[in-house]
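Visitor:
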Amino acid sequence: MAASADRVPFRHDFESPGEQDVARRYQTLVEQLPLVIYVDALDASSSNVFTSRQIEPLLGYSVEEWARDADLFVRTLHPDDRDRVLAAHAHTHATHEPLSLEYRLVARDGRVVHVKDDAVIVHDDLGQPLYLQGYLLDVTVERETQEQLRSMALFDPLTQLANRAFFQEQCQQAVATRGGRDAETALMFIDLNEFKTVNDRWGHDAGDCVLQTLGKRIQETVRAGESAARLGGDEFAIVLPAIADPEDAARIAERLLGRISEPIELDGRTLVITASIGIALGSDVDTMLKEADAAMYRAKGNRGVGYAFYDAGIDSAASERSRRVAELRDAVARGEFHVDYQPIVDLDAHTISTYEALVRWDHPTEGLIAPLDFIPLAEESGLIVQIGTFVLDQACAFAARLAADGRDGVRVSVNVSARQLQDEGFADRVAECLEHHRLAPERLTLELTESVLLAAGEQVQRQLHALKELGVLLALDDFGTGYASLAYLQRLPVDILKIDRTFTADIAGPDAELLLLKGIIELGAALGLTLVAEGIETSEQHEIVRSLGCHNAQGFYFGHPERVPASDVSVPRL
Ligand code: C2E
Ligand code: MG
Ligand code: MG
Numbered sequence: 138m139a140a141s142a143d144r145v146p147f148r149h150d151f152e153s154p155g156e157q158d159v160a161r162r163y164q165t166l167v168e169q170l171p172l173v174i175y176v177d178a179l180d181a182s183s184s185n186v187f188t189s190r191q192i193e194p195l196l197g198y199s200v201e202e203w204a205r206d207a208d209l210f211v212r213t214l215h216p217d218d219r220d221r222v223l224a225a226h227a228h229t230h231a232t233h234e235p236l237s238l239e240y241r242l243v244a245r246d247g248r249v250v251h252v253k254d255d256a257v258i259v260h261d262d263l264g265q266p267l268y269l270q271g272y273l274l275d276v277t278v279e280r281e282t283q284e285q286l287r288s289m290a291l292f293d294p295l296t297q298l299a300n301r302a303f304f305q306e307q308c309q310q311a312v313a314t315r316g317g318r319d320a321e322t323a324l325m326f327i328d329l330n331e332f333k334t335v336n337d338r339w340g341h342d343a344g345d346c347v348l349q350t351l352g353k354r355i356q357e358t359v360r361a362g363e364s365a366a367r368l369g370g371d372e373f374a375i376v377l378p379a380i381a382d383p384e385d386a387a388r389i390a391e392r393l394l395g396r397i398s399e400p401i402e403l404d405g406r407t408l409v410i411t412a413s414i415g416i417a418l419g420s421d422v423d424t425m426l427k428e429a430d431a432a433m434y435r436a437k438g439n440r441g442v443g444y445a446f447y448d449a450g451i452d453s454a455a456s457e458r459s460r461r462v463a464e465l466r467d468a469v470a471r472g473e474f475h476v477d478y479q480p481i482v483d484l485d486a487h488t489i490s491t492y493e494a495l496v497r498w499d500h501p502t503e504g505l506i507a508p509l510d511f512i513p514l515a516e517e518s519g520l521i522v523q524i525g526t527f528v529l530d531q532a533c534a535f536a537a538r539l540a541a542d543g544r545d546g547v548r549v550s551v552n553v554s555a556r557q558l559q560d561e562g563f564a565d566r567v568a569e570c571l572e573h574h575r576l577a578p579e580r581l582t583l584e585l586t587e588s589v590l591l592a593a594g595e596q597v598q599r600q601l602h603a604l605k606e607l608g609v610l611l612a613l614d615d616f617g618t619g620y621a622s623l624a625y626l627q628r629l630p631v632d633i634l635k636i637d638r639t640f641t642a643d644i645a646g647p648d649a650e651l652l653l654l655k656g657i658i659e660l661g662a663a664l665g666l667t668l669v670a671e672g673i674e675t676s677e678q679h680e681i682v683r684s685l686g687c688h689n690a691q692g693f694y695f696g697h698p699e700r701v702p703a704s705d706v707s708v709p710r711l
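Using this note's numbering, read the sequence shown as starting at 138 and increasing by one per residue.
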């Protein structure tokens, strides 16, 4: 629609009273439509012939003003859309093809109005083009709703920073357009330290305020071409499309850490929040995100500096570790474990006194995984609690089966980690398990390592005494590998001492050093403990430990750990 030079009222084109009647009816009809109808001449300046009255509420200019001011239409076009619209109109004038496009107009009061402009060339009976006739439809509400939806899909509503999905798009863009071959793209992963305590102590509204303030500070730190995002929770990220030197990224990280830790005033309180930043350089967005995340974890452990660059040597081990923990969690959920039993023999009676329960992970692709390869991870992640409960239950069920087979003198022995003893109610759960399987408490031994006992806080002490009271036996496993002092041995309610196989491994060799083993056996006997020699693989080892006064032994010589262990072992009489 072009501005009119000299507007020709439509109705005057009609001559007879009858025709004028029809014209009036048409004009009323046109003015009732919820859009602006216009007619432009096909002259050089495409002068406006007619514009319906709806133009006034739409743009704030009367039909008369519209008629007077030849440049008004061009001036009301939004500057960003002007060239495109004029070109489209010119194209239709030249080719007589229909016109259809959307653009923005700026109303007299500054409002931005989105319109859909559709027009066609009207021909006379001979097919000669007469004028361009079209309408402007106000689509502002639709466009604004659309814009709102778009922004909801791309931006975090709390901080107005890009959300994770949009950030990933921005990163792809950054990588694609990074300047020159020498420049690298850097990705920074920012995680607030102990942000959870803000929510816990001051409430979620305070937490939201802090996130907003910090989001704003992070946004203020980024320069043109860089993008900041909130990835979720208290995690933010920045992409630097092209840095010439990693030092630049380090400087930016330092500046960011400084800005973030500036005091925040909140309801009369002053909070200081710190952050940790991981930095990754590269060109693959997914990899960079993972690497920056891993580096951030290392930065957290190094609060003095506050940021760390991804280091494949260190961090890939860490991410491999977290992948393994995730796998272990699935394994617990799917129950991918079983228990093997290894006999512990009474060297005097020549019988099996106990079966030790040893857990195995039946990995779906890697096959059987030995406990030493996953128990430490299970302990760190806390999954040992569930795994330990499973082993205890299996072992008690096994002991109940032995009793049902008439072997009710035989015990089961279960390894217990420190983490399990730290749980209030561990002793109660053991009692419940025994009850469930109708097993007498003295049929169960719990094996603890020296480290458990050394780390023994009050909580662990309480559990140990509760277990003792319950009537289960306690064994100190792998004795001699830790640093348990004699004083500990006396103070703890232990019944059995299992001598680690490092003390029995070489006792049959030519330069056998028996002094230590002899000392431990004498010490144990003096304290009234039952002694078990671990790692007995040969008859010579068997003979030696027996002669030194150890009356129980465990090892491949007597039997390997097995799912269904043999009920007889040959314990030769010496
Ligand atoms: P442990 O409690 O000292 O168990 C004895 C380990 O020594 C077992 O290894 C067993 O297979 C091995 N062994 C037995 N006899 C011999 C021998 O003659 N020669 C040699 N070289 N080795 C022998 P496994 O099954 O790999 O278990 C390793 C450790 O994992 C256990 O040491 C125990 O500390 C831990 N573990 C196993 N099951 C559990 C469990 O259910 N819970 C917890 N917390 N730890 C467990
Ligand atoms: Mg053990
Ligand atoms: Mg042991």
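Glycine included, C-beta positions come from ideal geometry on N, C-alpha and C.
Short check: CB of F640 to CB of L652, under 8 Å?
Guide: Your numbering for residue 640 matches position 503 in the sequence shown. Your numbering for residue 652 matches position 515 in the sequence shown. Result no, Cβ atoms of F640 and L652 do not sit closer than 8 Å.
Visitor: Please report the distance separating the alpha-carbon of G264 from that of L291.
Guide: Walking along the sequence shown from the start, residue 264 turns up at place 127. Walking along the sequence shown from the start, residue 291 turns up at place 154. Going from the Cα of G264 to the Cα of L291 covers about 51 Å.
Visitor: So, at 7 Å on beta carbons, what are the nonlocal neighbours of I380 in its own chain, with the 5 sequence-adjacent residues on each side left out?
Guide: Taking the sequence shown and counting its residues from 1, one reaches residue 380 at position 243. Counting only Cβ-Cβ distances below 7 Å, and skipping sequence neighbours, we find A320, E321, A323 and A386.
Visitor: My output table needs one value for R144: the three-state DSSP class, helix, strand or coil.
Guide: Mapped onto the sequence shown, residue 144 falls at position 7. Caution applies to R144, whose pLDDT of 41 falls short of 50 and renders its modelled position unreliable; the value that the coordinates give is listed next. Here R144 sits in coil by DSSP.
Visitor: When you compare only the Cα positions, how much space is there between I258 and V278?
Guide: Residue 258 sits at position 121 when you count from the first residue of the sequence shown. Residue 278 sits at position 141 when you count from the first residue of the sequence shown. Spanning the two alpha carbons is a distance of roughly 29 Å.
Visitor: Among I524, A227 and A486, which one has its Cα closest to the Cα of V496?
Guide: In the sequence shown, the residue the question calls residue 496 occupies position 359. Looking at the Cα atoms, I524 is the closest of the given residues.
Visitor: I'd like the list of long-range same chain contacts for R354, defined as Cβ closer than 7 Å, with 5 residues on each side in sequence excluded.
Guide: Looking up residue 354 in the sequence shown gives position 217. Taken in chain order, the residues that qualify are R396 and I397.
Visitor: DSSP state of I481, grouped into three classes?
Guide: On the sequence shown, residue 481 is found 344 positions in, with the first residue counted as 1. Reduced to three states, the DSSP call for I481 is strand.
Visitor: Compare the C-alpha of A577 against each of N552, H602, L170 and A540 and name the closest.
Guide: If you number the sequence shown from 1, residue 577 lands on position 440. Considering only alpha carbons, the answer is A540.
Visitor: Go ahead and label I681 buried or exposed: buried means 16 or more other beta carbons lie within 10 angstroms of its beta carbon, across all protein chains shown.
Guide: Looking up residue 681 in the sequence shown gives position 544. Its Cβ being crowded by 16 or more others within 10 Å, I681 is buried.
Visitor: Would you grab the beta carbon distance between L558 and Q600 for me? Rounded to a whole angstrom, and I think it's under 8 Å.
Guide: By 1-based counting over the sequence shown, the position of residue 558 is 421. By 1-based counting over the sequence shown, the position of residue 600 is 463. A Cβ-Cβ distance of about 5 Å is found for the pair L558 and Q600, placing them in contact under the 8 Å criterion.
Visitor: In or out: I451 buried (at least 16 other Cβ within 10 Å) or exposed?
Guide: Taking the sequence shown and counting its residues from 1, one reaches residue 451 at position 314. Exposed, by the Cβ-count rule.
Visitor: Three-state secondary structure (DSSP) at I192?
Guide: Locating residue 192 in the sequence shown gives position 55, counting from the first residue. Note: I192 maps to helix in three-state DSSP.
Visitor: For the alpha helix (DSSP H) containing P383, name the first residue and the last one.
Guide: Residue 383 sits at position 246 when you count from the first residue of the sequence shown. Segment P383 to I397, the alpha helix (DSSP H) holding P383.
Visitor: Taking contact to mean 3 or more Cβ pairs, one atom from each stretch, closer than 8 Å, check whether the segment 569-589 and the segment 505-519 are in contact.
Guide: no
Visitor: Given 8 Å as the limit, is there contact between the segment 401-419 and the segment 327-346, that is, 3 or more CB pairs closer than that?
Guide: yes
Visitor: Check whether the segment 266-286 and the segment 229-239 touch, using three or more Cβ-Cβ pairs below 8 Å as the test.
Guide: They touch, by the three-pair rule.
Visitor: At the level of alpha carbons, what is the spacing between D485 and R683?
Guide: The residue labelled residue 485 in the question sits at position 348 within the sequence shown. The residue labelled residue 683 in the question sits at position 546 within the sequence shown. Those two C-alpha atoms are separated by around 9 Å.
Visitor: Under the three-state reduction of DSSP, which class applies to P154: helix, strand or coil?
Guide: The residue labelled residue 154 in the question sits at position 17 within the sequence shown. Looking at P154 - three-state DSSP - the assignment turns out to be helix.
Visitor: Can you check which of these residues, G562, N336 and V252, is closest to L195 by C-alpha distance?
Guide: Taking the first residue of the sequence shown as 1, we reach residue 195 at position 58. Minimum Cα distance to L195 is reached at V252.
Visitor: Any chance the CB of D614 is under 7 Å from a heavy atom of ligand 4?
Guide: In terms of ligand content, the structure shown lacks ligand 4 and carries ligand 1, ligand 2 and ligand 3 instead.
Visitor: Could you give the C-beta distance for Y694 and E671, rounded to a whole number, given that I count them as a contact under 8 Å?
Guide: Numbered from 1 along the sequence shown, position 557 holds the residue referred to as residue 694. Numbered from 1 along the sequence shown, position 534 holds the residue referred to as residue 671. Contact flag wrong, Cβ pair sits at about 11 Å.
Visitor: According to DSSP, simplified to helix, strand and coil, what is P378?
Guide: Locating residue 378 in the sequence shown gives position 241, where the first residue counts as 1. Three-state DSSP puts P378 in a strand.
Visitor: If I measure Cβ to Cβ from A299 and keep anything under 8 Å in the same chain, skipping five residues before and after, which residues do I get?
Guide: Taking the sequence shown and counting its residues from 1, one reaches residue 299 at position 162. Counting only Cβ-Cβ distances below 8 Å, and skipping sequence neighbours, we find L291, F292, D293, Q307, S364, A365, A366 and R367.
Visitor: Please state whether DSSP places L520 in a helix, a strand or coil.
Guide: Counting from 1 along the sequence shown, the entry for residue 520 is found at position 383. Coil, per DSSP.
Visitor: May I have a chain-ordered list of the alpha helix (DSSP H) segments no shorter than 4 residues that lie completely inside the segment 386-467?
Guide: 422-437
Visitor: State the Cα-Cα distance for the pair F535 and V376, rounded to the nearest angstrom.
Guide: As a position in the sequence shown, residue 535 is number 398, starting the count at 1. As a position in the sequence shown, residue 376 is number 239, starting the count at 1. Approximately 58 Å, taken between the alpha carbons.
Visitor: Would the beta-carbon of E674 be found less than 7 Å away from any heavy atom of ligand 3?
Guide: Walking along the sequence shown from the start, residue 674 turns up at place 537. Answer for E674: no, Cβ out of range of ligand 3.
Visitor: Which residues in the same chain have their Cβ closer than 6 Å to the Cβ of D615, if we skip the five residues on either side of it in sequence?
Guide: To locate residue 615, count along the sequence shown from 1; it is residue 478. The beta carbon of D615 sits closer than 6 Å to those of T586 and D637, all from its chain and outside the five residues before and after it, given in chain order.
Visitor: Is DSSP giving G369 helix, strand or coil here?
Guide: Taking the first residue of the sequence shown as 1, we reach residue 369 at position 232. It is a strand residue.
Visitor: Just to check, is the beta-carbon of G692 closer than 7 Å to a non-hydrogen atom of ligand 1?
Guide: The sequence position of residue 692 within the sequence shown is 555, counting from 1. Yes.
Visitor: Which stretch, first to last residue, makes up the beta strand (DSSP E) that contains E493?
Guide: For the purposes of this step, residue 493 is identified with residue 356 of the sequence shown, where counting begins at 1. That run of the beta strand (DSSP E) goes T488 to H500.
Visitor: For the segment 332-350 against the segment 264-275, are there 3 or more C-beta pairs whose distance is under 8 Å?
Guide: no
Visitor: Return helix, strand or coil for V176, following the three-state DSSP convention.
Guide: Stepping through the sequence shown from its first residue, residue 176 is reached at position 39. Three-state DSSP puts V176 in a strand.
Visitor: Are the CB atoms of D483 and S490 within a distance shorter than 8 Å?
Guide: Counting from 1 along the sequence shown, the entry for residue 490 is found at position 353. Counting from 1 along the sequence shown, the entry for residue 483 is found at position 346. Yes, the Cβ-Cβ distance between S490 and D483 is below 8 Å.
Visitor: Is it the case that the CB of N552 approaches a heavy atom of ligand 2 more closely than 7 Å?
Guide: Position 415 of the sequence shown, counted from the first residue, corresponds to residue 552. N552: yes, Cβ under 7 Å from ligand 2.
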